[in-house]
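Quick note on the numbering used here: the sequence shown kicks off at 8 and runs consecutively.
Where is the CB? At the ideal position from N, CA and C, for every residue including glycine.
The model shown is predicted, which means the values in this text are computed figures rather than measured ones.
To start, the structure under review is shown below, and the notes come after it.
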Amino acid sequence: MSDSLTIGGRTFRSRLFVGTGKYADMAQTRAALEASGAEVVTVAVRRVDLAKADAELGKYLMSGGYTILPNTAGCYDVETTLRTARLAREMLGTPLLKLEVIGDQETLFPDVPGTLEAAKILVKEGFVVLPYTTDDPITARKLEDLGCAAVMPLAAPIGSGLGIRNPYNLEIILMRAKVPVIVDAGVGTPSDAAIAMEMGCDGVLMNTAIAGAKDPVLMASAMRKGVEAGREAFRAGRIPKKLFATASSPLAGIVGSKL
């Protein structure tokens, strides 16, 4: 727990957050979640009925020691988002919420004004809000000022697998944020996750990158390693980038050297 992540009073060892959609069956879902080492699992409340149709998934998550992070995926306006969030809290008994207010069906980019409006209301209602947002530093700061427990800027469009498209904006967010920064959406490979963690992100959330792989269970294991390696590299402190070479072995003291 020496390098744990704390969000909303809850502490986690794993910095990989995963989703539950798009798997072939429950057996594959279970195996992938276990291989990922994730402790936080996000569930789309509008698409997954943990009480009925997806009772097996709900039972597994609730008995497996996972922290369920309900999300408002599929909500395109503030009213629907608020209703979904309140339903999730009633159904799951948790104030944790991954807030999504989608602004466009094709890109699935967030509706920033709607996200800010919904976040303000939900924070006042006692929710621990983790908002999916753009990689805009100003929006991230406004969400933090509203009382969000973390900010979750996208790396690229949801499910695109493009990796981090704008590292410079993400770097500004990281420099200024006083709450955890979790990259959400767009990761495709473990190297993408490692880059995010090397930059100093506090975590990475993904679903399609794992569930959509040819071997989801193996990819879940690879993503776990990518996140862990990136975090260790950040903590270790990388060497500075230089234009010219620096010899690994100094010349001083070498036989024949005049230095």
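With distances taken between CA atoms, Val194 lies nearest to Met230 out of Ala184, Met230 and Lys185. Within 10 angstroms of the beta-carbon of Pro160 lie 16 or more other beta-carbons, which makes it buried. Taking 8 angstroms as the cut-off, the Cβ atoms of Lys127 and Glu151 do not count as close. Comparing alpha-carbon positions, the option among Leu129, Gly110, Ala163 and Pro187 lying closest to Arg148 turns out to be Pro187.
In this chain, the beta strand (DSSP E) harbouring Val190 covers Ile189 to Asp191. Distance from the CA atom of Phe116 to the CA atom of Gly16, rounded to whole angstroms, is 29 angstroms. Under the DSSP assignment, Lys127 falls in the alpha helix (DSSP H) whose first and last residues are Val119 to Lys131. Going by DSSP, Thr215 is part of the alpha helix (DSSP H) stretching over Thr215 to Ala218.
With distances taken between CA atoms, Ala201 lies nearest to Pro174 out of Ala51, Pro174, Leu64 and Gly65. Per DSSP, Val85 is not a residue of any beta strand (DSSP E); the alpha helix (DSSP H) it occupies stretches across Val85 to Leu99. The Cβ atoms of Ile75 and Leu99 lie closer than 8 angstroms to each other. Relative to Val224, the option among Pro120, Ala38, Asp142 and Thr196 whose CA is nearest is Ala38.
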